[in-house]
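Residue numbers (our numbering), protein chains in the order written: chain W, 9 to 180; chain X, 9 to 180.
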DNA sequence: TATTGTTATACTCTATAACTATA
DNA sequence: TATAGTTATAGAGTATAACAATA
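(1) Taking Cβ-Cβ distances below 8 Å as the criterion, which residues of the stretch 81-110 of chain X are in contact with chain W?
(2) From which residue to which residue does the beta strand (DSSP E) around residue 105 of chain X run?
(3) Report the option in X:140, X:152, X:69, X:92 whose CA atom is closest to the CA atom of residue 57 of chain X.
(4) What do you reckon, is the C-beta of residue 127 of chain W under 8 Å from a heavy atom of the ligand MG?
(5) Taking 9 Å as the CB-CB cut-off, is residue 33 of chain X touching chain W?
(6) List in chain order: all unbroken alpha helix (DSSP H) runs of 4+ residues lying wholly within the stretch 84-151 of chain X.
(7) Could you give the uninterrupted runs of the alpha helix (DSSP H) lying entirely in the stretch 18-85 of chain W, keeping only those of 4 residues or more?
(8) Quick one, which residues of the stretch 114-126 of chain W are near chain X if we go by CB-CB under 9 Å, in chain order?
(9) Select from X:153, X:47, X:79 the residue whose C-alpha is nearest the C-alpha of residue 94 of chain X.
(10) Does residue 169 of chain X come out as helix, strand or coil in the three-state DSSP assignment?
(11) Quick one: is residue 132 of chain X near chain W, going by C-beta distance under 9 Å?
(12) Relative to the C-alpha of residue 130 of chain X, which residue among X:89, X:161, X:67, X:43 is closest?
(13) Whole angstroms are fine: how far does the CA of residue 25 of chain X sit from the CA of residue 161 of chain W?
(14) Just the chain X side, please: which residues come within less than 9 Å of residue 144 of chain W by C-beta, in chain order?
(15) Any beta carbon of chain W sitting closer than 9 Å to that of residue 61 of chain X?
(16) As a quick exercise: from X:28, X:99, X:54, X:59, pick the residue whose alpha carbon is nearest that of residue 36 of chain W.
(17) Could you pull out every residue in the same chain whose Cβ sits closer than 8 Å to the Cβ of residue 230 of chain X, ignoring the five residues on either side in sequence?
(18) Starting from the beta carbon of residue 149 of chain X, find every residue of chain W whose beta carbon is closer than 7 Å, and list them in chain order.
(19) Give me the subset of the stretch 39-62 of chain W whose CB atoms are less than 9 Å from a CB atom of chain X, sorted by chain position.
(20) Taking C-beta pairs closer than 8 Å, name the residues in chain X that residue 24 of chain W reaches, listed in chain order.
(21) Can you grab the Cα-Cα spacing for the pair residue 87 of chain X / residue 76 of chain X, in whole Å?
(22) Is the beta carbon of residue 126 of chain W less than 9 Å from the beta carbon of residue 65 of chain W?
(23) What whole-angstrom Cβ distance do residue 38 of chain W and residue 41 of chain X have, given they're in contact under 8 Å?
(24) Compute the Euclidean distance between the alpha carbons of residue 48 of chain W and residue 115 of chain X, then round it to the nearest angstrom.
(25) In chain order, what residues of the same chain lie with their CB nearer than 8 Å to the CB of residue 167 of chain W, ignoring the 5 residues before and after it?
(26) Among residues of its own chain, excluding the 5 on either side of residue 98 of chain X, which ones have a beta-carbon nearer than 8 Å to its beta-carbon?
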């Protein structure tokens with residue numbers, strides 16, 4: 009049905025990046041990081057959220073009475089960025105901000121029951137993104153990739169290091 | 009020497025993202041992709057370039073007489089983005105643009121000898137970024153990571169797929 | 001004077017769309 | 001009318017710095 013110009017078949021439009029870029033792990037990591045970010049953004053947006061909201065809610069579930077500064081530090085966000093995120097979460101009744109009586113400059117932030125429920129939904133979103141994006145790998149490959157990335161992360165962003173601070177010290 | 013406030017040892021400031029994020033491969037990929045992009049940008053900037061310049065020059069070495077549209081498509085850039093990049097490269101005498109006599113709307117772009125030399129320098133920058141960023145992995149790990157990323161890339165950005173189009177067709 | 005949270009500002013990117021010259 | 005390259009514009013995102021309240 010489709011008639012193809014012979015010239016196109018002889019010299020295909022070479023719509024491919026140069027080999028030396030494909031041989032660079034940095035290049036691949038950059039591209040894929042961007043791609044997965046893109047997908048995650050879309051998926052969260054469909055659910056009416058952003059990945060930032062998820063991160064904040066998840067952190068609050070683990071550490072129930074955080075101050076805004078510690079939240080920002082733990083997630084690597086700027087403190088002024090966090091203000092807007094918390095405004096949105098508070099407007100929807102997912103978190104509560106109240107002044108710390110011990111230091112009235114501080115706000116203590118905590119999860120509400122609705123926030124906890126929202127967190128559940130966001131976990132589903134996150135899982136779907138992961139399964140979609142890494143679905144082409146088998147379980148072993150996926151685990152291997154995760155390990156390698158975690159190793160790298162521990163090296164480059166020490167705060168992402170695992171077990172640098174065990175719940176129970178070995179000596180206990 | 010250093011005396012540590014006991015409270016700090018009992019309840020360290022928890023400057024760490026929630027566990028569920030660390031368990032998400034997407035999250036790690038996103039973070040590391042951003043980190044390596046950051047480093048690459050800095051390294052190229054020190055050399056007076058951007059990774060985009062490198063990509064364009066590398067492509068032109070492989071395919072010496074590209075039109076702007078095919079360059080943009082091959083690299084996944086927007087065509088209007090490419091204009092500025094080529095302006096910069098042309099101003100420095102690293103590429104040449106001339107009209108295609110067969111279709112005067114088109115520009116044929118090619119590498120100059122100076123461009124070729126610049127490409128050499130940019131390869132050094134790229135190698136240093138790669139070695140720095142993945143230096144904490146041993147050779148096997150590094151190769152494994154590269155393979156996994158390449159597999160993923162082929163799945164998500166088909167134009168990054170390897171050997172989808174062999175230099176010599178199997179039938180030849 | 002320093003710190004917490006907040007607001008305001010400026011700057012970079014990116015994406016889109018208009019525009020020209022050719023076809 | 002459609003396409004290649006170019007230019008212009010608007011919007012999002014980010015980083016920085018100023019600010020008010022409190023310590």
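Note that beta-carbon positions come from the ideal geometry of N, C-alpha and C, so glycine has one too.
Since the structure is predicted, the reported quantities are computational estimates derived from the model, not experimental observations.
A quick look at the data gives this:
(1) 81, 82, 83, 84
(2) 103-108 is the extent of the beta strand (DSSP E) around residue 105 of chain X.
(3) Ranking the options by Cα distance to residue 57 of chain X, first place goes to X:92.
(4) Looking for the ligand MG in the displayed structure turns up nothing, as the structure carries no ligands at all.
(5) yes
(6) 87-99, 121-142
(7) 27-30, 33-54, 59-70, 76-83
(8) none
(9) X:79
(10) coil
(11) Interface criterion not met: the Cβ of residue 132 of chain X is under 9 Å from no Cβ in chain W.
(12) The option with the nearest alpha carbon to residue 130 of chain X is X:67.
(13) Separation of residue 161 of chain W and residue 25 of chain X (C-alpha to C-alpha, rounded to the nearest whole angstrom) is 12 Å.
(14) 159, 160, 162, 163, 164
(15) Using a CB distance cut-off of 9 Å, residue 61 of chain X does not count as an interface residue toward chain W.
(16) X:59
(17) Outside the displayed span of chain X (9 to 180) sits residue 230 of chain X, for which this structure offers no information.
(18) Within 7 Å Cβ-Cβ: 156.
(19) 39, 40, 41, 42, 43, 44, 45, 47, 48, 59, 62
(20) 82, 167, 168, 173
(21) 7 Å
(22) yes
(23) 5 Å
(24) 38 Å
(25) 82, 84
(26) Closer than 8 Å at the Cβ level, and outside the excluded window around residue 98 of chain X, lie 104, 105.
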